[in-house]
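Residue numbers (the numbering used here): 165 to 301.
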């Protein structure tokens, strides 16, 4: 009987030691649940920030592509302006050369006209002298 009593005491002690009350379990799990809740809210915040960054990265990539196109368009327009300016410069050089040629011809013609006027004046003077001599006779 003594053995049975010892065995029963041991079984009773083991049965009490292995069981946990509901309040004990709640006391142990509540801090963990609160901590998990805080971690989940932090993770949600981080996920929303990541989504925002991905959106901004996509928008930034689109902006960069748009700016690349605008730069290419501006470069093409600048190249066209350079080509047009070069053509205008070439035309101006041609016009200046023509003007120089015309000025040279005009100077030449003016020199010839002066020579002709001098000749005409001398001829007129000779004619006047001849007329005067004729009148005296």
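C-beta: ideal position from N, C-alpha, C; glycine also.
Range covered by the alpha helix (DSSP H) that runs through residue i
i, result
"residue 190", "186–300"
Backbone CA spacing between residue i and residue j [nearest angstrom]
i, j, result
"residue 232", "residue 250", "27 angstroms"
"residue 235", "residue 227", "12 angstroms"
"residue 216", "residue 208", "12 angstroms"
"residue 265", "residue 300", "52 angstroms"
"residue 168", "residue 174", "10 angstroms"
"residue 223", "residue 186", "54 angstroms"
"residue 248", "residue 241", "10 angstroms"
"residue 193", "residue 229", "53 angstroms"
"residue 254", "residue 277", "34 angstroms"
"residue 286", "residue 256", "44 angstroms"
"residue 162", "residue 189", "Residue 162 cannot be examined here, being either before or after the span of the chain that is shown, 165 to 301."
"residue 244", "residue 218", "39 angstroms"
"residue 195", "residue 206", "17 angstroms"
"residue 296", "residue 288", "12 angstroms"
"residue 292", "residue 279", "20 angstroms"
"residue 271", "residue 258", "20 angstroms"
"residue 290", "residue 274", "24 angstroms"
"residue 238", "residue 246", "12 angstroms"
"residue 129", "residue 269", "Nothing in the structure corresponds to residue 129, since the chain is present only between 165 and 301."
"residue 267", "residue 284", "25 angstroms"
Check: residue i C-beta below 8 angstroms from any heavy atom of the ligand FAD
i, result
"residue 292", "Of the ligands one can find in the structure shown there are none, so the ligand FAD has no counterpart to examine."
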